[in-house]
Every structure is written in C-alpha cells, then in structure tokens.
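Notes follow once the structure below has been shown.
Protein chains: 2
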Amino acid sequence: MSDTDRRSSADMGMTPRGTTREQALALDAADPLAPLRELFEVPPGVLYLDGNSLGAMPRATPARVQQVVREEWGQGLIRSWNSAGWMTLASRIGDKIARLVGANPGELVVADSTSINLFKVLWAALSVAAPADAAASGRRLIVSERSNFPTDLYIAESIARERGFELKLVDADDIPAHLTERTAVLMLTHVNYRTGAMHDMAALSRAAHEAGALVIWDLAHSAGAVPVDLHAAGADFAVGCGYKYLNGGPGAPAFVWVHPRHVERFWQPLAGWIGHAAPFEFKPGYRPAAGIGRYFCGTPAVISMAALECGVDTLLAAEPLAQAAGHATAMAALRAKSLALCQLFAERVGVLCPSLTLASPLDDRRRGSQVCYTHATHGYAIMQALIARGVIGDFRAGDPSHPKDAADILRFGFTPLYLRFADAWDAAEHLREVLDREEWRRPEFNQRQAVT
Amino acid sequence: MSDTDRRSSADMGMTPRGTTREQALALDAADPLAPLRELFEVPPGVLYLDGNSLGAMPRATPARVQQVVREEWGQGLIRSWNSAGWMTLASRIGDKIARLVGANPGELVVADSTSINLFKVLWAALSVAAPADAAASGRRLIVSERSNFPTDLYIAESIARERGFELKLVDADDIPAHLTERTAVLMLTHVNYRTGAMHDMAALSRAAHEAGALVIWDLAHSAGAVPVDLHAAGADFAVGCGYKYLNGGPGAPAFVWVHPRHVERFWQPLAGWIGHAAPFEFKPGYRPAAGIGRYFCGTPAVISMAALECGVDTLLAAEPLAQAAGHATAMAALRAKSLALCQLFAERVGVLCPSLTLASPLDDRRRGSQVCYTHATHGYAIMQALIARGVIGDFRAGDPSHPKDAADILRFGFTPLYLRFADAWDAAEHLREVLDREEWRRPEFNQRQAVT
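Line by line, the protein sequences are chains W and B.
Going left to right, the first sequence walks through residues 1 to 452 as our numbering numbers them.
Going left to right, the second sequence walks through residues 1 to 452 as our numbering numbers them.
Okay, structure coming up:
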C-alpha cells in the first residue's frame, strides 16, 4: 500500500454516508446468503470480526468430530484407516478446497501446517528455478514483501541461509523492479495479513515468469475469502491455511498446491512415508508418489482434518445460494457480500471515528475481506475495549524498524458466511462509543497479552 | 535380531507351558493395573492387539474434545488462545510425556508429525556433528538400521541427498562396527516396528559418542511402552509418536526432545513463527526461542493436541497404582505387565501354533511391547482371518530385496493399560483356530488393502 492510500477513513466514500440501521437490516433481509449464518455457532452477544485469524465453528463440526472420535476411532480402531476413509481424507478435502481456488481435482492436498507446506514448496521451487548445477545462472534471490506474514519470512530466511540464497524483502510497490535475472522465486502472501492489501496475482505471476522466476502464493487470507483462480493467474505453487476463512478450527491442517507442470520435477525434502509411492510396502528407498501426493509427509491428523472438512463444507454450501442469486460461483457471491460488508463498516467508521486512519486500500480490487485502521497512540487498548464489549477484531503490532510498517493495526475481518450487515453497522457503533467514552483508558485494556 | 533368534515359537519357553484360562483370569484378578482398562473404550468382541499402530480411545477423550470444539473454539473463539491455554498446550503435554521418557520439564514439546520432527533433529544433529566448515573432518555418514521404519529412512535419505551426506543402512548387529571417525549421526528407532527388537539405548549412545558421533532415538514404539531414560542413556536427540502407545488418536501430533547441551547450538530449519523468540511481535528476522521452544514451527493443532493429552493422562494414571504395587514408576509397572502378557501369549502360541515362527527376540531385555511371528506362505491372510474374528493385530510386509528382512510379519502389540491376561490367552486360542481350520484360505482374506 502506498502512502497516498493512507488517509482519514472519512474519505473512503465507498457508499452513501447516511446508512441507517434500518437500511442495514433491509440489506440483511434481501441477502441471498443470509441462511448460511445458521450453519455457524456465533456466541450470543458477540460480533465476530476475527474470522481472518480463527474462523467461527460450524454447527456441524462437533457431531462430526464426535463421530470420528467415538465411532471411527473408538469402535473402528485401526480398521478405520480403510473402512472410514481416513487414508483418502486429505485428498478428498483437498479436492473441495481446489474448487475455491481455481485448482483441479487431484492437484491440491491437505497436510501439515502452512509454515511446513511453505518450506516444501519454496525448497522445491528453488530447486526447479535454480538447480545446483546452474548456480552460474546467478538466480540467487528469493524476493518477498517486508510486511509478509513473519512465518513466511522466517521459513524463507532459513532456506536462504541453508542453501546460499538471499532473501530480498521489499515494499509491495517495489516488487516488479526486483524481478530480474537474479530472481529465482517470488514468494508472496496474496492478501496482506496486516492491511488486507491484495496483490494482483495474475500480473505479478506474469512479471515473475517474464523475469524467468517462479512464483509462490500464500493464500492464508485468500482461500474462502476472495475469488482465486490459480490456473488463470499462472501460479506455480500455493499454500494456504485451514483455520481462517476455511473455518477448520484452531490449528487446522493447511493445504498445498503445485502446478502440474512442476509437481513431479522435484522431491520436496520432507520425504515422509505418506508421500511415498507405496507407503505400505515398507521398503527402504524413497520413491515419491505421483503428482501432489509427494507433498504429504507424516501420518495425517485425522481428527483435525475431519473438523476442517466441516469448515470447507460451509463454503461449498454457498454454491446453490450463489447460483440462485445469479453468481457464477460461491466465491463470487461471497466476495460481493464481503465487499458490501466492508464498505458499510468503513463508511460508518469514517463518519463516526475521525481519530482512526484507514490502513486498507480504498480500491476493492486491491483489498481482501478485512478493513484495518491505525490509531495514533492507543490501538491495542482500543481493541481490548472493543473485545470487552463482545466486538472481536484483533490487533497486530507494527514493526518500528521500518517506517512503512511501523503503525499498529486494528484488524476487522468480514466473513460473509456468518456476518450480517447489521453486525457491521453495530460494530462501528461500538467502536464509536469506545472512542467517544475513552473506554480504552481503563488499565485492564493496557496490559498486553499474546494473541494470535 | 540375529538368525539364531529365529526358531519355532514352541521354543520360546518363557513361562510354564500349561497355563489355563482359569490361571489367566487369576492373573487378571491379581493385577494391580487392572483398573486402568476402565479408562478405555474397548469395543465389545474385540481383542485389540494393535495399540502399537493406533492406541485405543480413552473414555475421557470424547468429552474433552467436545469441550475444546464446542466451548473453547465455539464460544471462546480467538480468545481461547489465552483464556483456554492453547498457547501453552504443547509444552504442558510435553512436560507430561517427559515424565515417561526420562526427560526434564521444559525439555520436550509436542509438535507436527514424527517424520517432521525427525527432519528437524537430524538436520540439527548433522549441523552440530559436522558443521559446514568442518567438512574436512570427514564425518559424512548417517548410520541407521536397514529395517528401521521407512519414514525415518526416507527423511534421512532426503537430508543426506540435500546436504551431501551418505546414509549407511546396516543390520542391527553391525551397527557398532559402523560407528567410526566417518560417522556424524547414528539414527535409530529404539524398538523395531516389525519385530519388536529393542536396542540397548545406553550402550549404543555411548558407542556413538566414543566414535565422536551424535545419536538420535525415535521412540515411536517406546514412549508409553517401555521404560526410557533419555538422560541416563546419554541420548542427544529424540522424537516420538503420539498415536501409538500414547493413545492420542489417529494422526496425533508427535513429540521432540533435544538434550540441553545441544538445544541452542543450532536453528532447526523449519523456522516457523511459533518457534520464534517473540512470535507476536510480528517482525521480520528470525530469532529462535530459548530452549526446546525453537523446535516449534507452525500454529499448533489444538483439537488433536487435546486428544493427545487425554491419552498421555491414561499413562500417568498408572502412577498411583504402580506405587501402591511397589514399582518406582508407572512405566516400571506397565513394563512388568507388558512382559507378562507377551510371555503368556508367546507360550500359548508356542504350544498351539507350530506353523508360526517367532520373529521377536527371546530376551525380555531386547524386546519391546509386541510379539511377532512369521508364516511361511500366508501371513497376510492369517491376519485378515484373525481380524474378522475381532482379534486385531496387524501385518507388515517384508522387504524381499534383503534376506534378513524378507519375511512378512504378523504383529501383536500388548498394551498393558487395557489388555487382560485372559485377552492374551483368548487371542492365542483364536490364532490356533484360524490355523487349524485354515480360515485364511477364504478369498476375502487374500485381497490386500492398505492398512497403517
């Protein structure tokens, strides 16, 4: 996001200024996706604007998890690897996620964590882009964004150190200038975790390819949040998170996708037995499975995966509603509502909260499913005061070592599956009251704790 | 295991030959650990001898998992990372597992899968044992056992390839001869997954150290199965599995331990944000956490970890019963019962099933908590016929490419937490009937399926 995007939220001007609560209720009454909220448990008195950190619990999840634990494990025991389909769970859920991100069946699997999947694909991408015997090619750079989510940067830093690459961190606007004959891999998170700023996946993928580099997209804040079409965008590798917009539960497994043109060109180094071509032959000597199966590593986390599948199913449940409303896909309908929710919230905050500064891009095409603000001095305490009111967003500390990323951020994620227009209206009203009454001054809101 | 150990099971002769079912029942009546069975769900009609592949479900687990899903996630949402202690779950469970394996509090954590944790510790061990600037030292060998669990070998093969080491696979008896000035790391699974053969951890750790090498122990078939004392044995690194004898559920997270003398000497390469010294500062630039915390990677799998904790608690529940019976530790009492169960089963099979050949060591000191057999021709079908009777052991295919590992194995794991002496007696009786009636000839028992 460039500095010119930073202006008072009052200037956002996305929608008419004077939206009333009655109008918000009318938008809910006309919302074709409104029935989806019934698929979720949303605690009474809570306005949950943190689905970008941990999605809400689908109502189907507890019973499904109980089935896995009590019946499949408790009664079926080891037999359930076959009889209950545990062996194919990771691929089955992968195929469902594939529908949300423009991948084909059989190209995407659920496994491990986002960090570990990123390690797999970055290692593989470097080996394809700059093979050892082509060190003379001079492609020694991994380019990423300085405000990328830190775990991505840590993994890249580690791999760069181990393999003699250089991790080059730049501002978003400077990325194209750093795609050169020295660049092996461009590694980006599609939607920035702090500001919600969204990259143009197709344009940057094309620019990377034109420079002879490969591109990795982290879809942590995209999958289930914004339409993604990995094939149309020309992506090479992608990873993503199960516990944010996919509603998979705390620490849900992550996913990994590799374009078919690359998937068998390299063994990712976490060569565990589940990625072997024939894991049950129990033979020494690794033979990678065909296709994306080689991106598995150890035994899959069955209970967590069952919960993830319930979460993914809540997104697919939008498909018939979306089609009935004239949208081509579930994600198109969800995106339309997400933008409208963000606009309503930003419009109200712009009117009501002049001490906040919008930290998200104004342009819908450049923003994910969240709206963020900065406050000159007391962002942390303001968010704590809001949470005490049941309005749950979150706070992300800035990086004082770099001016463009120094600001502390108040994040408000808008999940169209379970949020109503009246919720967005009410949340803005709570924010106004916290500021007008200076509730954030209370000492209990000024003691920092770790929160993911 | 040497060839001289392979003899008819009738020769095992561990206990008097003529144990009657009444005597088995009397052993159960006198068993101080008998009440522990009530902590588990064991399906009616099932004799479960596969706890070495997937432990049975503790009765406490469904309610605890429901609490995590419905209350902590469903109602607490993101707040539960602090309010429900999710951030410290991996360390809390780690401290409990530490009690079972001779580690100290704060030295062991739960994270990821066994395969991934092995990757972390092997990478770190190689970096400590053969740092890049000491390549001239000539320590380029990773020594392991050819019949080690394949995932361990695949991970080692992958790292060896990436870093220019050589993976040297040898027979168990030949390990000491391969600990030389060329050896960087000895990597072994303490109890062999096929035969149950158990290494002398202290002797081999000492031999490795005398050769200037480091040693990694995979405790997959040891933790919760046999007494382990990592410190007393002089181990350097250890990993282990949560879903076998720790009863953590299918795909439960694994654990990792590093001796304090090594833990801060190297960054393991899976440098995810949860292993950062200050993950919530959200700063680029990896600073590893102090101690074992740097072996974390991505966001912990909360639901699966909650189930794992219930499993570990079933082992700790043995502590008061063990002490009342005069044992120093829970594992000492569990080991005594495990050996007695194995002896009873092997004695009965020796009498009843002359067509089977014992494939486990005779010496209690060299065997874990399982008893294994080979059958000349139809091991797979015999196990399927047994499973159809509700006697659940498992089958592990041999490696035809090597004579010593070529035999197919029938595995019977004995988990003293929930198995009775009468179960061991009855299982042998079923095995006799399958063989005497040639039930294994039925076509449906001869169609191979993948089973973990």
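We put the CB at the ideal spot given by N, CA and C, even for glycine.
Thinking B/Y504 and B/R448 are a contact (beta carbons under 8 Å), I'd like their distance in whole angstroms, please.
In the structure as shown, chain B starts at 1 and stops at 452, and residue 504 of chain B therefore has no counterpart that could be examined.
What is the residue span of the alpha helix (DSSP H) that W/M187 lies within?
In the first sequence, the residue the question calls residue 187 of chain W occupies position 187. Segment 183-189 is the beta strand (DSSP E) holding W/M187; no alpha helix (DSSP H) there.
What does the Cβ neighbour count give for B/S304, buried or exposed, with the cut at 16 atoms within 10 Å?
Here the question's residue 304 of chain B lines up with position 304 in the second sequence. Under this definition B/S304 is a buried residue.
For B/L153, which option in B/F445, B/G85, B/D218, B/F412 has the closest C-alpha, if you only look at C-alpha atoms?
Residue mapping note: residue 153 of chain B aligns to position 153 of the second sequence, counting from 1. Comparing Cα positions, the closest option is B/D218.
Name, please, each residue of chain W whose Cβ falls closer than 7 Å to the Cβ of B/W73.
The residue labelled residue 73 of chain B in the question sits at position 73 within the second sequence. Neighbours of B/W73 on chain W, chain order: M57, G249, P250.
Output, in sequence order along the chain, the residues in the stretch 29-49 of chain B whose CB is closer than 8 Å to any CB in chain W.
E41, P43, V46, Y48
Distance between B/S401 and W/I155 (C-alpha atoms, nearest Å)
For the purposes of this step, residue 155 of chain W is taken as residue 155 along the first sequence, with counting starting at 1. For the purposes of this step, residue 401 of chain B is taken as residue 401 along the second sequence, with counting starting at 1. Spanning the two alpha carbons is a distance of roughly 38 Å.
I'd like to know whether the C-beta atoms of W/V191 and W/H231 end up nearer to each other than 8 Å.
Your numbering for residue 191 of chain W matches position 191 in the first sequence. Your numbering for residue 231 of chain W matches position 231 in the first sequence. Not a contact, by the Cβ cut-off of 8 Å.
For B/Q384, go through chain W and note every residue whose CB falls closer than 7 Å to its CB, in chain order.
As a working mapping, residue 384 of chain B is identified with position 384 in the second sequence. Per Cβ cutoff of 7 Å: no residues; B/Q384 is ~11 Å from chain W at best.
Report the residue from W/L33, W/L47, W/F40 whose alpha carbon sits nearest the alpha carbon of W/A422.
Locating residue 422 of chain W in the first sequence gives position 422, where the first residue counts as 1. When each option's Cα is compared against that of W/A422, the closest is W/L47.
I'd like the ranges of any beta strand (DSSP E) spanning at least 3 consecutive residues and lying wholly in the stretch 148-234 of chain B.
166-170, 183-189, 214-218
Taking a cut of 7 Å between CB atoms, which residues from the stretch 272-284 of chain B lie near chain W?
G272, W273, H276, F280, E281, F282, K283, P284
What residues from chain W crowd round B/T114, counting only those whose CB sits closer than 9 Å?
Within the second sequence, residue 114 of chain B is the residue found at index 114, counting from 1. Here the neighbours are G272, G298, T299.
The stretch 222-243 of chain B: which residues have C-beta closer than 9 Å to a C-beta of chain W, in chain order?
C241, Y243
Contacting residues, own chain, Cβ-Cβ under 8 Å from B/P456 (five flanking each side not counted)
Because chain B in this structure spans residues 1 to 452, residue 456 of chain B falls outside the shown range and cannot be described.
For B/E157, go through chain W and note every residue whose CB falls closer than 9 Å to its CB, in chain order.
Looking up residue 157 of chain B in the second sequence gives position 157. In chain order: A271, P284, G285, Y286.
Give the single residue among B/A424, B/T415, B/L431, B/E429 whose Cα lies nearest to the Cα of B/L25.
The residue given as residue 25 of chain B occupies position 25 in the second sequence. Out of B/A424, B/T415, B/L431, B/E429, B/A424 has the C-alpha closest to the C-alpha of B/L25.
Anything in chain B within Cβ reach of W/T61, meaning under 7 Å, just list it in chain order.
Within the first sequence, numbered from 1, the residue matching residue 61 of chain W stands at position 61. Residues of chain B passing the Cβ test: V69.
W/C372 by DSSP, collapsed to three states: which one?
Along the first sequence, one-based indexing puts residue 372 of chain W at 372. Correct three-state label for W/C372: strand.
Limits of the alpha helix (DSSP H) - the one that B/T314 falls within
Here residue 314 of chain B refers to the residue found at position 314 of the second sequence. Note, B/T314: alpha helix (DSSP H), 302-316.
Where the stretch 327-344 of chain B meets chain W: residues whose CB sits under 8 Å from a CB there
none
On the criterion of 16 or more Cβ atoms from any shown chain inside 10 Å, does W/S147 qualify as buried, or is it exposed?
Here residue 147 of chain W is taken as the residue at index 147 of the first sequence, counted from 1. Result: buried.
Does any C-beta atom of chain W lie closer than 8 Å to the C-beta of B/R146?
The residue labelled residue 146 of chain B in the question sits at position 146 within the second sequence. Yes, its Cβ sits closer than 8 Å to a Cβ of chain W.
Which one of W/A29, W/D31, W/M57 has the shortest CA to CA distance from W/L314?
In the first sequence, the residue the question calls residue 314 of chain W occupies position 314. Just to set this straight, residue 314 of chain W is Thr in the shown sequence, not Leu. Answer by Cα proximity: W/M57.
Three-way DSSP call (helix, strand, coil) for W/R37 in this model:
As a first step, residue 37 of chain W is located in the first sequence; it is residue number 37 there, counting from the start. If DSSP states are grouped into helix, strand and coil, W/R37 belongs with the helices.
Name the DSSP bridge partner or partners of B/Y48?
What you label residue 48 of chain B is simply residue 48 of the second sequence in a count that begins at 1. Looking at the DSSP assignment, B/Y48 forms a beta bridge with B/I392.
Closer than 7 Å by beta-carbon distance: list the chain B residues that pair up with W/D394, in chain order.
As a working mapping, residue 394 of chain W is identified with position 394 in the first sequence. Those within 7 Å of W/D394 in chain B are I78.
Going by other Cβ atoms of all chains shown within 10 Å of its Cβ, with 16 needed for buried, is W/P354 buried or exposed?
Taking the first sequence and counting its residues from 1, one reaches residue 354 of chain W at position 354. W/P354 comes out exposed.
Around the C-beta of W/T4, are 16 or more other C-beta atoms found within 10 angstroms, so that it is buried, or is it exposed?
Taking the first residue of the first sequence as 1, we reach residue 4 of chain W at position 4. Because W/T4 sits at a pLDDT of 37, beneath the cut-off of 50, its placement in the model cannot be relied upon, and the point is left open.
Three-state class that DSSP yields for B/W257 in the structure shown:
Counting from one through the second sequence, the residue named residue 257 of chain B turns up at place 257. Of the three classes helix, strand and coil, the one that applies to B/W257 here is strand, per DSSP.
With DSSP as the reference, label B/S144 as helix, strand or coil.
Counting from one through the second sequence, the residue named residue 144 of chain B turns up at place 144. It is a strand residue.
Let me know the secondary structure DSSP gives W/R7 once reduced to three states.
Start at 1 with the first residue of the first sequence, and residue 7 of chain W comes out as number 7. Here the model assigns W/R7 a pLDDT of 38, short of 50, so the residue's position is not dependable, and the following value carries that caveat. Strand.
Determine whether the Cβ of W/T189 lies closer than 8 Å to any Cβ atom of chain B.
Within the first sequence, the letter at position 189 stands for residue 189 of chain W. Not closer than 8 Å to any Cβ of chain B, the Cβ of W/T189 fails to qualify, so no.
Range covered by the alpha helix (DSSP H) that runs through W/V349
On the first sequence, residue 349 of chain W is found 349 positions in, with the first residue counted as 1. Its alpha helix (DSSP H) spans residues 330-352.
For the candidate residues W/A427, W/R411, W/D363, whose alpha-carbon lies nearest to that of W/T390?
Numbered from its first residue, the first sequence carries residue 390 of chain W at position 390. In the sequence as displayed, the identity of residue 390 of chain W is Gly instead of Thr. Minimum Cα distance to W/G390 is reached at W/A427.
Can you give the beta carbon distance from B/A225 to B/S369, rounded, assuming they're within the 8 Å contact cut?
Taking the second sequence and counting its residues from 1, the one referred to as residue 225 of chain B is at position 225. Taking the second sequence and counting its residues from 1, the one referred to as residue 369 of chain B is at position 369. So it is a contact: roughly 4 Å between Cβ atoms.
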